[in-house]
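Numbering (the numbering used here), first residue to last: 35 to 310. Yeah, the Cβ is synthetic: ideal placement off N, Cα and C, and Gly gets one too.
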């Protein structure tokens, strides 16, 4: 059985999915047809029901739970890894209300955290994540919410950090920050979804056990080719939550959704996160 699988070209995803795509682990009769896209494109494709399995922002999952269920493995969730608000000069985040702020997508967790932080951040410019620093530097926007490799390179562009939204979230809730998860179409059925989840866990475990093997694949897709940046990126976004969300990870996701639903940002949902 061949399943369509979407994930981003970022080093953490290509690192995680390398073994799955290249037949390095047992997949229990499943094969995968990959599609690499930026996170907001993946969010949009999932809303169209275009993929069997896909990485999405947790913000997007809040709108997708009727059709998709969360998998336990393969996602990005942790501490010290949240999106940053950056600008050309020092400022308070409150001073940026009604100013033009670049975000990597309306359904990204980066935007959800910005909206949870406070109201008035509605003059948004959606750009691919790798374009945001350039837009801030050029004055096209007043500030930007950056993710992925940009966390490690924004100072090279002469930009300053206004707020670490992940750190703010951790201080507010005590929970790690849920960034992106792997979803499976509910219509695949519990048995196929369980096989895919087990295969994905093996892929993460293989990557961690053979950290150098995927380097050529990672570099073929990365925006930033520096080995130092790639290694820092993987170290930050691939952790024990990527192997299995566990109880702490699940509580973090539930906390994010509860707060977003209370603010009216996400619709209320009674379906379980996972297929039983």
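Return the chain-ordered list of same chain residues with a C-beta closer than 6 angstroms to the C-beta of residue i, the five sequence neighbours on each side being excluded.
i, result
"residue 273", "112"
"residue 295", "302"
"residue 99", "303, 305"
"residue 44", "182"
"residue 312", "Outside the shown range of the chain (35 to 310) lies residue 312, about which nothing can therefore be said."
For residue i, name the three-state secondary structure that DSSP assigns.
i, result
"residue 196", "strand"
"residue 218", "strand"
"residue 284", "helix"
"residue 126", "coil"
"residue 234", "helix"
"residue 73", "helix"
"residue 120", "strand"
"residue 180", "strand"
"residue 49", "helix"
For residue i, verify whether its CB is less than 8 angstroms away from any heavy atom of the ligand FMN.
i, result
"residue 112", "No copy of the ligand FMN appears in this structure; indeed no ligand is present at all."
For residue i, which residues of its own chain have a beta-carbon under 7 angstroms away from its beta-carbon, when the five flanking residues on both sides are left out?
i, result
"residue 198", "116, 118"
"residue 234", "54, 105, 107, 108, 216"
"residue 101", "83, 219, 220"
"residue 176", "121, 130, 133, 134, 135"
"residue 310", "224"
"residue 149", "155, 299"
Per DSSP, what are the beta-bridge partners of residue i in this structure?
i, result
"residue 66", "37"
"residue 212", "111"
"residue 89", "216"
"residue 224", "DSSP, once it has assigned bridges, lists no residue as partnering residue 224."
"residue 137", "160"
"residue 104", "217"
If I measure Cβ to Cβ from residue i and keep anything under 8 angstroms in the same chain, skipping five residues before and after, which residues do I get?
i, result
"residue 126", "196"
"residue 124", "194, 196"
"residue 253", "259, 264"
What whole-angstrom Cβ distance do residue i and residue j have, given they're in contact under 8 angstroms?
i, j, result
"residue 37", "residue 87", "6 angstroms"
"residue 103", "residue 307", "7 angstroms"
Assess, as a yes-or-no matter, whether the segment 191-207 is touched by the segment 169-176 under the definition of 3 or more beta carbon pairs within less than 8 angstroms. yes
When you compare the segment 210-230 with the segment 281-292, are there three or more beta-carbon pairs, one atom per stretch, that lie closer than 8 angstroms? yes
Does the segment 225-232 come into contact with the segment 130-141, if we say contact requires no fewer than three beta-carbon pairs (one atom in each stretch) closer than 8 angstroms? no
Quick check: the segment 44-64 against the segment 266-281, are there 3 or more CB pairs under 8 angstroms? yes
Report yes or no: do the segment 246-257 and the segment 71-85 share at least 3 C-beta pairs separated by less than 8 angstroms? no
For the segment 154-164 and the segment 83-96, state whether three or more C-beta atom pairs, one from each stretch, are separated by less than 8 angstroms. no
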